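Visitor:
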Amino acid sequence: MPKIFESEYRFCLLLWEKEPIKSSELVALCKEKLGWKPTTTYTVIKRLSERGVVKNENTVVTSLVSKDEIQAEEIDELVEKAKDIIANPEAYAHKCDGKILATLFFEPSTRTRLSFESAMLSLGGKVLGVASAESSSASKGETVADTVRVVSCYSDIIAMRHPKEGAPLVASMHAQVPVINAGDGGHNHPTQTLTDLMTIYREKGRLDDLTIGLCGDLKFGRTVHSLVAAMSRCTGIRFVLISPEELKLPRYVKDEYLKKPGVPYMQSTSLEAVMPELDVLYMTRVQRERF
């Protein structure tokens, strides 16, 4: 798989939504969504064509690799990078010198917010931010788009948690700096999943050929949804979904990440009955704030 850089990945996200698309229309789209000049877009198309990522034929651009393929490789690279940071922290102590992380947390958070701040400080960077919606201009009616436009001027990267599903995606469309999704409503929590993947790898020595039990609030537990999406790309994975009927995994998650790729799973209301089958047990609390 050819390596995809950050700017190229943002380009690919647009292409996957619209392909096949005329190159002239793609140029206009990149100008609108990414702020790119036409020469920048044509350069990226040429570069990705040479590396076998996209095809530009008769002025129509299509992708030659899937989103899942790229994301699976990214996960592997991130796990390897995390292992190296753990083994050699001194080598990364100044990687973010002169950089500022803005934490925009519109929901209560202890572990996630502090983990972002600790990580940035450990890399030599600085942190600014808000810890609740009440302490931000959101309480006065300011939109997410307006907030990130302004905060982009103060920072080099933004980590956002928001009670509304899709808010970090909206933020990424309006920010002038990268935006990290630190949890959006009952939808996803991708950075928690990266931590979970690293934990599973360190404990089991692999991410393939595992039976994973997910227990608790599978309906509103965003960490569960993200973990299913990530682990479904590994080989030999089987899921055991343990919850009361009222808190079962949403149908869209099962359809997209289990049924569509053919990942085996079973559902149970009894943890004791399935415990002997599990390699990993993932527990999640009832998300009372989502009811």
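Residue numbers (my numbering): 2 to 292. Cβ atoms here follow ideal geometry from the backbone N, Cα and C, with glycine treated the same way. Since the structure is predicted, the reported quantities are computational estimates derived from the model, not experimental observations.
1) Counting contacts by CB-CB distance shorter than 8 Å, is S116 in contact with chain D?
2) Short of 8 Å in beta carbon distance, which residues of its chain neighbour E20, apart from the five on each side in sequence? Order them along the chain.
3) Taking just the CA atoms, how far does L259 sit from S116?
4) In this structure, how does DSSP classify D77 when only helix, strand and coil are distinguished?
5) List the endpoints of the continuous alpha helix (DSSP H) containing T194.
6) Would you list the one or two residues that DSSP bridges to C130?
7) Taking the alpha carbon of N59 as the point to measure from, which residue in K84, K23, K127, I201 has its own alpha carbon closest?
8) Helix, strand or coil for R48, going by three-state DSSP, please let me know.
9) Let's see if you can read the secondary structure: which residues bound the beta strand (DSSP E) around H95?
10) So the candidates are T40, D147, I159, L195; which of them puts its Cα closest to the Cα of M232?
11) Taking the beta strand (DSSP E) that E273 belongs to, which residues open and close that run?
12) For the stretch 265–277 and the stretch 234–248, state whether three or more C-beta atom pairs, one from each stretch, are separated by less than 8 Å.
13) With distances taken between CB atoms, is the gap from T212 to E278 smaller than 8 Å?
14) If you run the structure through DSSP and keep just helix, strand and coil, what is V149?
15) When burial is assigned at 16 or more other CB atoms within 10 Å of the CB, is L250 buried or exposed?
16) Looking at C-alpha atoms only, which residue of K82, P179, G186 is the closest neighbour of A168?
17) Are H226 and N182 close, meaning C-beta to C-beta below 8 Å?
18) Just to confirm the assignment, what range does the alpha helix (DSSP H) spanning Y253 have?
19) Starting from D1, follow its DSSP beta bridges and name the residues at the other end.
20) Is it the case that the stretch 151–167 contacts the stretch 97–113, given that we only count it when at least three CB pairs across the two stretches are under 8 Å?
21) Of the residues Y253, V66, V80, which one's Cα is nearest the Cα of G206?
22) Is L219 near L248, with beta carbons less than 8 Å apart?
23) So V128 and L170 are supposed to be a Cβ contact under 8 Å. How far apart are they, rounded?
24) The beta strand (DSSP E) with S64 in it runs from where to where?
25) Does the Cβ of L49 have 16 or more other Cβ atoms within 10 Å, making it buried, or fewer, making it exposed?
26) Assuming contact is defined by CB atoms lying nearer than 8 Å, are L30 and L14 in contact in what I supplied?
27) Starting from the C-beta of Y202, find all residues in its chain whose C-beta is less than 7 Å away, skip the five residues before and the five after it, and write them out in chain order.
28) Check whether the Cβ atoms of G53 and C97 sit closer than 8 Å, and answer yes or no.
Guide: Reading it off the structure:
1) The displayed structure is made up of one protein chain only, and chain D is not part of it.
2) V62, T63, S64
3) 30 Å
4) helix
5) 191–205
6) The question names Cys, yet the displayed sequence has Gly at residue 130. DSSP output for G130 lists T104 as bridge partner(s).
7) K23
8) helix
9) First-last for H95: undefined, no H or E at that position.
10) L195
11) Run containing E273: none in the beta strand (DSSP E); it sits in the alpha helix (DSSP H), 272–275.
12) yes
13) yes
14) helix
15) buried
16) G186
17) no
18) 252–255
19) Residue 1 cannot be examined here, being either before or after the span of the chain that is shown, 2 to 292.
20) yes
21) V80
22) yes
23) Between L170 and V128 the Cβ distance is about 23 Å, and since that is not below 8 Å, they are no contact.
24) 61–64
25) buried
26) no
27) V80, L208
28) no
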